[in-house]
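Peer 1: Protein sequences, first through last, are from chains C and A. Residues in the first sequence are numbered from 1 upward in steps of one, following our numbering. Residues in the second sequence are numbered from 1001 upward in steps of one, following our numbering. What follows is a single structure, and I will ask about it in a moment.
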Amino acid sequence: MRILINGEPRETGARTLGELCAALELGGGKIATAVNGTFVPARARDGHRLHPRDEIEIVSPRQGG
Amino acid sequence: MLRLYGKDYSTRLLLGTAGYPSPQVLREAVEAAGAQIVTVSLRREAARERAGQRFWELIKELGVDVLPNTAGCRTVKEAVTTAQMARELFATPWVKLEVIGNDDTLQPDLFGLVEAARILNREGFQVFPYTTEDLGAAERLIEAGCEVLMPWGAPIGSGQGLANPRALASMRAYFPDTPLIVDAGVGAPSHAAEAMEMGYDAVLLNTAVAKAGDPARMAVAFARGIEAGRLAHEAGMMEPRDMASPSTPVAGTPFFKLDNAS
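Here you go:
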């Protein structure tokens, strides 16, 4: 299905957010996630089913002021 | 001691981590400043780059507390979701809450700020709102559960110093028991010293150190300016006066004659 990852259109076979993060090789990384503007905690990623056109944010720590 | 949400700190300089020439220079600046709290952010992670992981390793090595921000957020929803992601990433209930209302001045959207602060406080966050010197907004933020306020000195990254010192002074007087941190717009150690002389509890700055010719030396300059201003505030400064007043005792002045004494 077609989804948006960090603002970019992508095709994915992942059924859940957990599978998507694993497919991107980010599963074990220092990341946080949101789907369609709503926070999805790490423990809920495996149970969070993805749908076509979902907008997914995957973020990590960065410098800030 | 600086007390923020029940935690005590011996230094009153909070340092941002963005815009340094290299991670090594950032490390040197944080160490030179003696900073115990640094601000951090979160950004989109590109697969396999692991930029976030490397930055996080550096922060952990520094052994400082982190204050994650919601920089760039323009709506309540964005700010709340960003804060929730930051809490999980950085394992802290602290959040520097920014809801930006204007792209040119980066001034806070005070209405959105109060609403987001209310939501986040209810969810157990400890909110450091980036606000203006507006007293009404400050009262709303305190009502919403904020125990610390961070009014701007001047627009973020402008280096103008305290653009509205009278308003900042009345804010200090109006909220004598709330920790107040001047955040943003500070360009020189003298600006930071001025805020501390006024009785502000701490100063948060980033660009003035990160973009200095020698960030580590500038970090020291700010640390000393802040310390000097704090000492002056604690010592009690004299009131300025319009006319001269001789500091050397007048009594016993040699060659003194009564006709001179008018």
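C-beta atoms are modelled at their ideal positions from N, C-alpha and C, and glycine is treated no differently.
#1: Tell whether a beta-carbon distance below 8 Å holds between residue 1098 of chain A and residue 1073 of chain A.
#2: Is the separation between the beta-carbon of residue 1064 of chain A and that of residue 1038 of chain A shorter than 8 Å?
#3: Hey, out of A:1175, A:1185, A:1024 and A:1083, whose CA is closest to residue 1141 of chain A's CA?
#4: Given a cut-off of 8 Å on the beta-carbon distance, is the pair residue 1112 of chain A and residue 1148 of chain A in contact?
#5: When the cut-off is 8 Å and only beta carbons count, does residue 1077 of chain A lie next to chain C?
#6: Once you ignore the five residues that flank residue 1126 of chain A on each side, which residues in its own chain have a CB closer than 6 Å to its CB?
#7: Short of 6 Å in beta carbon distance, which residues of its chain neighbour residue 1001 of chain A, apart from the five on each side in sequence? Order them along the chain.
#8: Taking the alpha-carbon positions, what's the residue 1162 of chain A to residue 1153 of chain A distance?
#9: Within 8 Å, do at least three Cβ pairs link the segment 1026 to 1041 of chain A to the segment 1234 to 1252 of chain A?
#10: Should residue 42 of chain C be flagged as near chain A, meaning a C-beta pair shorter than 8 Å?
#11: Hey, out of C:62, C:3, C:57 and C:43, whose CA is closest to residue 1052 of chain A's CA?
#12: Tell me which residues of the segment 1034 to 1050 of chain A have at least one Cβ-Cβ distance to chain C shorter than 8 Å, keeping chain order.
#13: Below 7 Å between beta carbons is the criterion; list the residues of the segment 1002 to 1018 of chain A that meet it against any residue of chain C, in chain order.
#14: Going along the chain, which residues of the segment 1162 to 1184 of chain A sit with their C-beta nearer than 7 Å to a C-beta in chain C?
#15: Out of A:1247, A:1241 and A:1041, point me to the one whose CA is closest to residue 1096 of chain A's CA.
#16: Does chain C have any CB closer than 8 Å to the CB of residue 1084 of chain A?
#17: What residues of chain A sit near residue 35 of chain C, judged by a beta carbon separation below 8 Å?
Peer 2: Working from what's here:
#1: Counted from its first residue, the second sequence places residue 1098 of chain A at position 98. Counted from its first residue, the second sequence places residue 1073 of chain A at position 73. For residue 1098 of chain A and residue 1073 of chain A, yes; Cβs fall inside 8 Å.
#2: Along the second sequence, one-based indexing puts residue 1064 of chain A at 64. Along the second sequence, one-based indexing puts residue 1038 of chain A at 38. Closer than 8 Å, so yes.
#3: As a working note, residue 1141 of chain A is residue 141 in the second sequence. Minimum Cα distance to residue 1141 of chain A is reached at A:1175.
#4: As a first step, residue 1112 of chain A must be located in the second sequence, where it is residue number 112. As a first step, residue 1148 of chain A must be located in the second sequence, where it is residue number 148. Contact flag unset, no.
#5: Position 77 of the second sequence, counting from 1, holds the residue named residue 1077 of chain A. So, interface residue.
#6: What you label residue 1126 of chain A is simply residue 126 of the second sequence in a count that begins at 1. Answer for residue 1126 of chain A: 1005, 1093 and 1094, listed in chain order.
#7: Here residue 1001 of chain A is taken as the residue at index 1 of the second sequence, counted from 1. 1008.
#8: For this step, residue 1162 of chain A is matched to residue 162 along the second sequence. For this step, residue 1153 of chain A is matched to residue 153 along the second sequence. Spanning the two alpha carbons is a distance of roughly 4 Å.
#9: Contact fails: fewer than three Cβ-Cβ distances are below 8 Å.
#10: Position 42 of the first sequence, counted from the first residue, corresponds to residue 42 of chain C. Cβ-Cβ to chain A under 8 Å: yes for residue 42 of chain C.
#11: Stepping through the second sequence from its first residue, residue 1052 of chain A is reached at position 52. Just measuring C-alpha positions, the residue of C:62, C:3, C:57 and C:43 sitting nearest residue 1052 of chain A is C:62.
#12: 1039, 1040, 1041, 1042, 1043, 1044, 1045, 1046, 1047, 1048 and 1050
#13: 1016, 1017 and 1018
#14: none
#15: By 1-based counting over the second sequence, the position of residue 1096 of chain A is 96. Closest option to residue 1096 of chain A, Cα to Cα, is A:1041.
#16: Translated into positions along the second sequence, residue 1084 of chain A becomes position 84. Answer yes: the Cβ-Cβ gap between residue 1084 of chain A and chain C drops below 8 Å somewhere.
#17: Taking the first sequence and counting its residues from 1, the one referred to as residue 35 of chain C is at position 35. In chain order: nothing, as chain A lies at least about 10 Å away.
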